[in-house]
Every structure is written in structure tokens, then in C-alpha cells.
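**Q**
Numbering (full-length UniProt numbering), first residue to last: 1 to 122.
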């Protein structure tokens, strides 16, 4: 049987802050098309792990792999350019808009202060 390269892999991720070990040796794989839930008590490290994935934090140790390639995101822009974004819970949605439109609200390309529909369509 041939091993399938995971779309996303965390390998031994750790994160420490002064006086606090927030994450220690976190490893898991996700295949393309899978849906996963990240659950745990308050303070368990869920947000810290997502902030590492999205480029807000750098891991203290370990690696993130996307499609088999090790990646390091210096910031959220790097993560977005690689196709990684975190969608946080939002209680104030625009009911007249689709789910996709609500997700990308405020992130569409603009030209002269208006949404650039031609660029957004790409």
C-alpha cells in the first residue's frame, strides 16, 4: 500500500512563552477533503496552534508541512498566499450575502475604494 502525503501535517509542534509551555509535541495529519474538529478545555492550546498555522506565531519547535513541503509563515500574509486562513466565529453576518461573501468580506481586492470585480473574479 502506498502512503498518501497529507495535505497538512503538524510534526512535533511546540510553543513556549515566558514561563509557560503552551504546546508540547503536537503531531497530526489531515488529508485533502477531510473535516476535523479541534476541541479542548480553555487554555488547552487550540488558539495557539491555529495562530501558528496562520502565521501569527512561530513555533518554538517542530514543523508544519503543506502538501509534503515544510513551510514557515513569517506572518498572516505569507499564510494567506499559501492558501491558509483561519475563519474565526463571527456573530455579525450579513444575511443578504452568501457564506463565501461573508467569509471574504473586507478581503476582496479594491481599486479606488471600490471592490475590483475583475480581479476578485480571478
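Positions of the beta carbon are idealized from the N, C-alpha and C atoms, including for glycine. What you are looking at is a predicted structure, and each value in this text was computed from that prediction instead of being measured.
Which residue marks the beginning of the beta strand (DSSP E) containing residue 63, and which one marks its end?
**A** Taking the chain shown and counting its residues from 1, one reaches residue 63 at position 63. Here the beta strand (DSSP E) through residue 63 covers 61-66.
**Q** Quick one: using the 10 Å Cβ neighbour count with 16 as the cut-off for buried, is residue 100 buried or exposed?
**A** Within the chain shown, numbered from 1, the residue matching residue 100 stands at position 100. Under this definition residue 100 is an exposed residue.
**Q** Under 9 Å, do residue 53 and residue 79 count as touching if we go by C-beta distance?
**A** By 1-based counting over the chain shown, the position of residue 53 is 53. By 1-based counting over the chain shown, the position of residue 79 is 79. Against a cut-off of 9 Å, the Cβ pair of residue 79 and residue 53 comes out as a contact.
**Q** Are three or more beta carbon pairs between the region 6-17 and the region 63-72 nearer than 8 Å?
**A** Cβ pair count under 8 Å is three or more, so yes.
**Q** Tell me, please, which residues DSSP counts as bridged to residue 134.
**A** Look at the range of the chain in this structure, 1 to 122, and you will see that residue 134 is not part of it.
**Q** Nearest-angstrom Cα distance between residue 51 and residue 117?
**A** Residue numbering aside, residue 51 sits at position 51 when the chain shown is read from its first letter. Residue numbering aside, residue 117 sits at position 117 when the chain shown is read from its first letter. Straight-line Cα distance between these residues: approximately 30 Å.
**Q** Going by C-alpha to C-alpha distance, which of 18, 55 and 69 sits closest to residue 77?
**A** Within the chain shown, residue 77 is the residue found at index 77, counting from 1. With distances taken between Cα atoms, residue 77 lies closest to 55.
**Q** Going along the chain, which residues of its own chain have a beta-carbon closer than 7 Å to the beta-carbon of residue 25, five neighbours each way excluded?
**A** Here residue 25 is taken as the residue at index 25 of the chain shown, counted from 1. Around residue 25: 12 and 14.
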